[in-house]
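Accompanying notes for the structure given below.
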Amino acid sequence: METPVTPPAMGFAEKLMSVKRHTLYLLLIVATSVPTFFSITLPNKPDQPSIDFFTTVMALPEGSTILIETDWTKSTRGDSMGQMQALLRILMRHNIKFAIYSTADPAAPQVARDTIGRVSEERRAKGERPYVRWEDWVDLGYFPNSEATNNAIATNIRKAFAGKTEVPGVGQPATDVFRSPVLSHIQKVGDMPLLLVVTASKTFDIIVERLYGKVPLAAMVTGVMGPESTVYYASGQMVGLCVGLKGALDIERMMESGVNNPPDKPVVVNKKNPEVVPGFPGDDNEGNGKAYYPTLHLALTLMILAVIIGNIGMVLTRKGAKS
Amino acid sequence: MNGFFAQVIPPSPFNAPNGSAELWTRLVIALLLGVAAVVALMKAPVSVRKPVVAVSTFCAGLYWVVFFLWPRPVNRLPGDMPSGLVDGVGFWLEDANPIVGNLSNVLSAFLLGLGIYSLLRIHGMRVIKGHKDAFFSAVLLLGILAMGVFGYWDWLDKMSPTGPSLALEANWAFQNRVRDFLFDGLLQEMDAGMFSLIAFYILSAAYRAFRIRSIEATLLLATAFIVMLSFMGLVTGLLDGVIDGIKGTADPGFLDNFKLTEIAKWLRATVETPSLRGIDFGIGIGALAMGLRLWLSLEKTAVSS
Amino acid sequence: MQYGDTGWIGVTVTLLLVTFILGNIFRAKKGKDLYIRRIAGLNAIDEAIGRATEMGKPVLMVPGLGALNAISMQALLIFAHVARTAAKFGTPIRLCCADAAVYTVAQELIRDVYASEGLADRYDMDSVRFISDRQFAFAGGVSGIILREQTAAAFFLGEFYAESMIFAETANSVGAIQVAGSTEKTQTPFFIAACDYVLIGDEFYAASAYLNREPVLVGSLIGQDWSKVAIMATILLGALMNSIEMRGTTVFERKDGVLQPIAERPMKIADTTFTHLFKPQRNPEEDAKIEREKDPKFDAGAGEGGGE
Chain L
0 METPVTPPAM GFAEKLMSVK RHTLYLLLIV ATSVPTFFSI TLPNKPDQPS
50 IDFFTTVMAL PEGSTILIET DWTKSTRGDS MGQMQALLRI LMRHNIKFAI
100 YSTADPAAPQ VARDTIGRVS EERRAKGERP YVRWEDWVDL GYFPNSEATN
150 NAIATNIRKA FAGKTEVPGV GQPATDVFRS PVLSHIQKVG DMPLLLVVTA
200 SKTFDIIVER LYGKVPLAAM VTGVMGPEST VYYASGQMVG LCVGLKGALD
250 IERMMESGVN NPPDKPVVVN KKNPEVVPGF PGDDNEGNGK AYYPTLHLAL
300 TLMILAVIIG NIGMVLTRKG AKS
Chain E
0 MNGFFAQVIP PSPFNAPNGS AELWTRLVIA LLLGVAAVVA LMKAPVSVRK
50 PVVAVSTFCA GLYWVVFFLW PRPVNRLPGD MPSGLVDGVG FWLEDANPIV
100 GNLSNVLSAF LLGLGIYSLL RIHGMRVIKG HKDAFFSAVL LLGILAMGVF
150 GYWDWLDKMS PTGPSLALEA NWAFQNRVRD FLFDGLLQEM DAGMFSLIAF
200 YILSAAYRAF RIRSIEATLL LATAFIVMLS FMGLVTGLLD GVIDGIKGTA
250 DPGFLDNFKL TEIAKWLRAT VETPSLRGID FGIGIGALAM GLRLWLSLEK
300 TAVSS
Chain F
0 MQYGDTGWIG VTVTLLLVTF ILGNIFRAKK GKDLYIRRIA GLNAIDEAIG
50 RATEMGKPVL MVPGLGALNA ISMQALLIFA HVARTAAKFG TPIRLCCADA
100 AVYTVAQELI RDVYASEGLA DRYDMDSVRF ISDRQFAFAG GVSGIILREQ
150 TAAAFFLGEF YAESMIFAET ANSVGAIQVA GSTEKTQTPF FIAACDYVLI
200 GDEFYAASAY LNREPVLVGS LIGQDWSKVA IMATILLGAL MNSIEMRGTT
250 VFERKDGVLQ PIAERPMKIA DTTFTHLFKP QRNPEEDAKI EREKDPKFDA
300 GAGEGGGE
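Chains as they are written, first to last, in numbering that gives the first Met the number 0: chain L, 0 to 322; chain E, 0 to 304; chain F, 0 to 307.
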């Protein structure tokens, strides 16, 4: 009978290099759960793309209509829901009408409607006028082919959404959306002061390809899509860009403090334009951006530590092997 | 020429009033003609099929090529008539655009039916034959049925001109609650759950893969650290605050270039963005070449045969 | 496409690239031997299939999440080659599709590959399957297949988004050899971190030419390379011209396509020749002068919208 061979005990360096993945997962769960129990406020300085995005949206004429392509679902709610929530708060406070449509995911319109409903209920609870479907916003639906749809919008927006109907109110039949107060005055896409895309996929690429030059464009994208979308902001094809969770937090902070405000000692400085943009101080401005920012810190810290530990283990192992 | 389009007045052989019996008759005839064409193509010998496929592929792509190249009408107002041949063709191309776009939307809807057929066939056979894990196949089939039934029922309620406003949850009936549970309660949360797994995988991949085995790997790691730290407001506040403390009130100063946020911005603007753009050029040209080969039926590989 | 001002340049550049590609296709058809550099990920295909055959485990192929377009067609072309090799070795395959159109094409393609090798009896209809068009349902389904069937080789080629990390790590956890390539640049880093071989950028499009060596494909690849050289030359020329021009001053400003005199000031990026070439402007006043007759049957109250 053979004597069982006991493997030699792992050295410290080898242990550092062989941390089990389940241990890492457990540490991540613990780290990201901490902010759930403790409210933590962290400093944040908004980036210039977010500042441009905020000032553009704040400058929209009251009562005007914008088009929002909403291409996110709850899978990216960490980034996109906070961005959408902040955007809707600004639009509703400035009485700006909007029409939403989606081209990336069939579930996207429902998720957007749910978010609009929540922000509207928030207003109702504060005694403010809630946003009413048909009067203040319409849902144009989901279109599977993004290139063709955006091409059609660029060519003729009325034909692109021809046949789309909504129910104006209880007891009324489904009516053409272009009869609603939201879209009745829109003949072409250029009649709108802005087209926004809130997306987790590359639909902003398609928007820029098909609609640049026809209408001012801005985007709210997830952190992962940030590097790809920055090129369009840098070239001037987008007037503003809000990237990821930090972008959502930037918007929330600017909603509270404004931009170049107060003029003598501004909290957020717009290097491109000295115009003062007052925010909504004291109002309900906080959202997912503030709630999830500490989690982002802890997760990134854990990742950096894991990489450092792995590399220390590797360096020590190599030194041990040499000696 | 514009009578070809369904959305244009006056009525023509290709359009009819919305919801009329005339429209339904023409739809049924078109459907039967389409089925007949498909059957004829299936029965045709390969030597006939290939040219038919090549010609239809060419015609389908030709519209978009001509749409790209042909001068678009400028300052076109509602009710305008074209001022010449070039303008006339431009008008036709513009009017056709939403309709051609809708063709692809309709095709996608029909193709989804094919996918559902595949699912029903595979999982239906598993349930009927009592394969291992047939229970999960049954759950899938039940899920397809439930989502379809309750989703459509809920939509009918929402589009109905009668009945209470469904904007208030208090007015929801059984079917609305079930649809909400299936969609918001199950589907969306499971989507979010699966997406959250990525965080765990990124952590284990980073721990395993980010090792300084070479100079390039070290450079990669250093830039990754800088960019990750720049996302953390606490860290940038502290480190940039040190620079601000050293340079005093001078604004802007040379020392600003050493702020973490400035270094990260430089990396993104000068290194990352041009690299991505370079890859984009390659991918775009590759897609153009692939599209050209498919459009002109130049592909002589397994796909075309 | 508007040809006003410098709008013609976009069309000219596109037609030039098309000429390069078609010209080189015809050149290659004439029998000219054209060189393609080595691509590690594609050389590893045979090694990966061989490993799967030894282990008696299936080979997994995933053409991504996209609809039936150039990217998924390219992925299927590569998978046809993989399937041919797997058919010869008798290695089972799993081709998981997220789009119904891609699924139908893939099914036909794989069946034809087996038939052309004389191995039609080895073809299993259920080896090509449609999982789901929902991103994470697809990710869950494919991950389940990887874990249950312990695939020994995995090929992830096509349009991938967030689920790329899930696939790569799951396949890594079962010890599969992985070859990946995504046209989504933001997913390439995830594949690089987790996969053995990665095709970056247009190496993905070069793959079919590399594997098949068909003259059409090789010629097309050379044409793409010529196009890239042309673009690089344009970028270099533009950078040089902008750098020289911006050192000077200007007394004109282009507004709405019309040169207007202004007080002398330093040149801005918007004043340079290259910016003007690639950013054409239209004059709305000139456009408004274009008049057309009205259709006598048109009803202004019907509200049909105009174009641009």
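Think of the CB as a built atom: it goes at the ideal place given N, C-alpha and C, for glycine as much as any other residue.
- The criterion of a C-beta distance shorter than 8 Å is not satisfied by H21 (chain L) and E61 (chain L).
- Ranked by how close their Cα comes to the Cα of E46 (chain F), the residues F:V217, F:I261, F:I176 and F:F203 have F:I176 in first place.
- Here the segment 124 to 134 of chain F makes no contact with the segment 4 to 21 of chain F; the two share fewer than three CB pairs at distances below 8 Å.
- Counting along the chain, no beta strand (DSSP E) covers G189 (chain L), and no H or E run does either.
- At a cut-off of 8 Å between beta-carbon atoms, S74 (chain L) makes contact with chain E.
- Residue contact check for R178 (chain L) against chain E: no CB pair falls below 8 Å.
- W91 (chain E) and M80 (chain E) have their C-alpha atoms spaced approximately 11 Å apart.
- Residues are counted here when their Cβ sits less than 7 Å from a Cβ of chain E; for the segment 118 to 143 of chain F these are D125, R128, F129, D132, F135, A138 and G139, given in chain order.
- The segment 51 to 58 of chain F makes no contact with the segment 196 to 214 of chain F: fewer than 3 CB pairs, one atom from each, lie closer than 8 Å.
- Around G312 (chain L), the same chain offers A12, L15 and M16 as residues with beta carbons nearer than 6 Å, after the five sequence neighbours per side are excluded.
- When only Cα atoms are considered, Q109 (chain L) and E168 (chain E) end up about 15 Å apart.
- The criterion of a C-beta distance shorter than 8 Å is not satisfied by I303 (chain L) and M124 (chain E).
- Chain E has no Cβ within less than 8 Å of the Cβ of G157 (chain F).
- Under the three-state reduction of DSSP, F129 (chain F) is assigned to strand.
- Contact between I70 (chain F) and L196 (chain E) is ruled out by a C-beta separation of about 25 Å, above the 8 Å threshold.
- Counting only the Cα atoms, A288 (chain E) lies some 11 Å from T18 (chain F).
- Beta-bridge analysis with DSSP links W136 (chain L) to L:F97 and L:R132.
- Counted as a single uninterrupted DSSP element, the beta strand (DSSP E) harbouring F251 (chain F) occupies residues T248 to K254.
- Scanning chain F for C-beta atoms nearer than 7 Å to the C-beta of S203 (chain E) yields E168, reported in chain order.
- Nearest Cα to D138 (chain L) within the set L:L240, L:D175, L:E121 and L:D46: L:D175.
- Taking 8 Å as the threshold, the shortest C-beta distance from S200 (chain L) to chain F falls below it.
- Taking a beta-carbon distance threshold of 8 Å, V258 (chain L) does not count as an interface residue toward chain E.
- Under the Cβ criterion of 8 Å, E183 (chain F) is counted among the residues facing chain L.
- Identification of chain E residues near K245 (chain L) by a Cβ-Cβ cut-off of 8 Å yields F230 and G232, ordered along the chain.
- Within chain F, the residues F135 and A161 have their CB atoms less than 8 Å from the CB of F194 (chain E), given in chain order.
- At least one CB atom of chain E sits nearer than 8 Å to the CB of V230 (chain L).
- No Cβ of chain F is located within less than 8 Å of the beta carbon of P97 (chain E).
- Only buried fits V207 (chain L), as 16 or more other CB atoms lie within 10 angstroms of its CB.
- D70 (chain L): member of the beta strand (DSSP E) spanning T64 to D70, first to last residue.
- Chain F places a beta carbon closer than 8 Å to that of P77 (chain E), counting this residue as a contact.
- The beta carbons of A136 (chain F) and F194 (chain E) sit no closer together than 8 Å.
- Minimum Cα-Cα distance from P34 (chain L) among the listed residues L:M254, L:P293, L:V314 and L:M91 corresponds to L:P293.
- Residue pairing by DSSP puts T164 (chain L) in a beta bridge opposite L:D175.
- Listed along the chain, the chain F residues whose CB falls inside 7 Å of the CB of E227 (chain L) are K184 and T185.
- Less than 8 Å separates the beta-carbon of S101 (chain L) from that of T69 (chain L).
- Against chain L, the CB of S19 (chain E) has no partner CB under 8 Å away; the residue lies outside that interface.
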